[in-house]
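Notes for the one structure printed next.
In the numbering used here, the protein residues as written are 27 to 81.
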């Protein structure tokens, strides 16, 4: 029997998060369609730029 450590996480689209402000944000940009707009929204929604991780 194998056990793996699991961390609780939540996900949402960038469009859904436009009205919220987050303390920490991990962003995964896949594809290049509208990526520049999604990145802009993600940057504007996080409080401190050091708390934004982009994959």
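By construction, the Cβ of each residue, glycine as well, lies at the ideal position given by its N, Cα and C atoms.
Buried versus exposed, by CB contacts within 10 Å (16 or more), residue i
i	result
residue 35	exposed
residue 32	exposed
C-beta atoms of residue i and residue j nearer than 9 Å
i	j	result
residue 69	residue 79	no
Which of helix, strand or coil DSSP assigns to residue i
i	result
residue 72	strand
residue 34	coil
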